[in-house]
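Taking it in order: structure first as structure tokens, then the write-up.
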Amino acid sequence: MQTARLETAVRRVDDDVVVISLVGDVTAASDGPLTEAYQEACGHGPRGIALDFSRLAYMNSGGIGMLVTLLVRAKRAHQRVAAFGLSDHYRQIFSLTRIDEAISLQDDEASALAAARGTVGTR
Amino acid sequence: MSTDTTPAGDGTRPAEDPLPRDAAYWAAPVSQLVAASEAARARGLDGKRLMGPQQGFGKLWRRSHRIPLTGVAMTPEAVVAQWKVRFGEFWPRGGRFHPSLGGIEPGEVAALDVGVGQVCVLSTGVFVIYADETSFAYMTPEGHALAAWITFSAEEDRGTTVADISMLLRTADPLVELPYVLGGARLEDRFWQATLRNLATAFGAEGPPPVETSVVCLDRRRQWAQARNVRHFGGVRTALRGFRAPRGG
Chain Y
6 MQTARLETAV
16 RRVDDDVVVI
26 SLVGDVTAAS
36 DGPLTEAYQE
46 ACGHGPRGIA
56 LDFSRLAYMN
66 SGGIGMLVTL
76 LVRAKRAHQR
86 VAAFGLSDHY
96 RQIFSLTRID
106 EAISLQDDEA
116 SALAAARGTV
126 GTR
Chain Z
-7 MSTDTTPAGD
3 GTRPAEDPLP
13 RDAAYWAAPV
23 SQLVAASEAA
33 RARGLDGKRL
43 MGPQQGFGKL
53 WRRSHRIPLT
63 GVAMTPEAVV
73 AQWKVRFGEF
83 WPRGGRFHPS
93 LGGIEPGEVA
103 ALDVGVGQVC
113 VLSTGVFVIY
123 ADETSFAYMT
133 PEGHALAAWI
143 TFSAEEDRGT
153 TVADISMLLR
163 TADPLVELPY
173 VLGGARLEDR
183 FWQATLRNLA
193 TAFGAEGPPP
203 VETSVVCLDR
213 RRQWAQARNV
223 RHFGGVRTAL
233 RGFRAPRGG
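So the sequence lines, in the order shown, correspond to chains Y and Z.
Each residue of the first sequence is one higher than the last, beginning at 6 in this note's numbering.
Each residue of the second sequence is one higher than the last, beginning at -7 in this note's numbering.
And the structure:
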């Protein structure tokens, strides 16, 4: 299976929350781009991070592992993590792998930002 | 990576999104395992929930083992196709794999017996969460000693096909954590290193060269909220049996 490199974009929403957009393929080879994006996001000192999966094209089991690594880093930094833009397919994968117990899945960006801020209940 | 200052939309996906390229490779969601084979039922796998590293107790580890198949004229796809069919054949002695009739396909449950130390055999199973042309991955169920994802893959590296086993894991509960830290992890590394050497030998690799192993502790903290996983341990058919040294190890 040919995979493409993951592209990321980091957007500071305000003092509390940063959005990291994941564009392309999330695989075991995504460690570098994900780490760089997370470090850039942390430069803004956020309390929460919202992951934008709306342009996710492909993810394999190695990619799930990379997401868990990111979640661990955020947990260590006492940051909330929310996600939005997931298709039904990727929601099912998050459910299968039980990642949905560690990350707040939201239907849209506004809800994800609220969840990352901790202003709404998270799952 | 770039810093994007453009305001986003609402982040919802268009309704007409086609299925992604990975759609056929993932298992359908399951709330509980359905053990189709007698071997899986005998190991108490029926009705178990899956447990990933985030549901485990111990430190979070990434353990990877790689071996270049030098001199082997097989593509990564050919290696993985054979690996799926002959998976248990490459295991060292002390381990026995009981695939389901469906083989290594997404959603299948397989039973296994693995020697731990000199006298103990752990009988449990795994669930195939993902399988494509160049990789396949297992997730462990409740009652397994580890809460893990284990990915088996092959790729081309500078003209040579390389076989790889990568694990992301925590031990499932406090009863497993101590023996794992005190030597169980090393035994497990040896098991997978021997597996790769057996695979390389079976495919006619030159040497074969040593297995490259990488061990990284991603989270040193234990998840005490998951200590209650110990209640699942009674479901595992753990027996005291003879154990032989790994073949080729």
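Where a beta carbon is used, it is the ideal one built from N, C-alpha and C, also for glycine.
Remember, it's a predicted structure, so these values are computed and weren't measured experimentally.
Can you give me the C-alpha to C-alpha distance between A217/Z and F49/Z, rounded to a whole angstrom? 8 Å
Would you give the residue range spanned by the alpha helix (DSSP H) that S66/Y belongs to? S66 to R81
For M66/Z, return the contacting residues in chain Y, with the cut-off set at a CB-CB distance below 9 Å. Here the premise fails: no neighbours, minimum Cβ distance about 17 Å.
Under a Cβ-count criterion, where at least 16 other Cβ atoms within 10 Å of its own Cβ denotes burial, should E41/Y be classed as buried or exposed? exposed
Rank A194/Z, R213/Z and D181/Z by C-alpha distance to the C-alpha of V55/Z and give the top, closest one. A small correction: the amino acid at residue 55/Z is Arg; Val does not occupy that position in the sequence shown. Ranking the options by Cα distance to R55/Z, first place goes to D181/Z.
Looking at the C-beta of R103/Y, does it have a partner C-beta in chain Z at a distance below 7 Å? yes
Closest residue to D124/Z among E147/Z, S115/Z and G44/Z (Cα-Cα distance): Out of E147/Z, S115/Z and G44/Z, E147/Z has the C-alpha closest to the C-alpha of D124/Z.
Can you give me the C-alpha to C-alpha distance between E106/Y and L75/Y, rounded to a whole angstrom? 15 Å
If we ignore side chains and look at the alpha-carbon of each, how far apart do A19/Z and W141/Z end up? 14 Å
So with Cβ pairs under 7 Å, would you call G44/Z a contact of chain Y? yes
Looking only at its own chain, which residues have a Cβ that is under 6 Å from the Cβ of S206/Z, when we skip the five neighbours before and after it? S56
Residues of chain Z with CB under 9 Å from Q97/Y, in chain order? Ordered by position in chain Z, the residues that pass the 9 Å Cβ test against Q97/Y are W18, A20 and P21.
Can we say the segment 65 to 83 of chain Z touches the segment 166 to 180 of chain Z, given the rule of at least three CB pairs closer than 8 Å? no
Range covered by the alpha helix (DSSP H) that runs through T205/Z: Looking at the DSSP string, T205/Z is not in any alpha helix (DSSP H); the run it does join, the beta strand (DSSP E), is E204 to D211.
Let me see if you follow: with CB-CB separation under 7 Å, is S109/Y close to chain Z or not? no
From which residue to which residue does the alpha helix (DSSP H) around F82/Z run? Run containing F82/Z: none; DSSP gives neither H nor E here.
Among D36/Y, R10/Y and V15/Y, the one whose alpha carbon lies nearest that of G29/Y: R10/Y
Chain C residues whose Cβ lies nearer than 8 Å to that of A62/Y: Among the protein chains of the structure shown, namely Y and Z, there is no chain C.
Given a cut-off of 7 Å on the beta-carbon distance, is the pair M43/Z and E100/Z in contact? No, Cβ-Cβ distance for M43/Z and E100/Z is not below 7 Å.
Rounded separation between A103/Z and V26/Z - CA only: 12 Å
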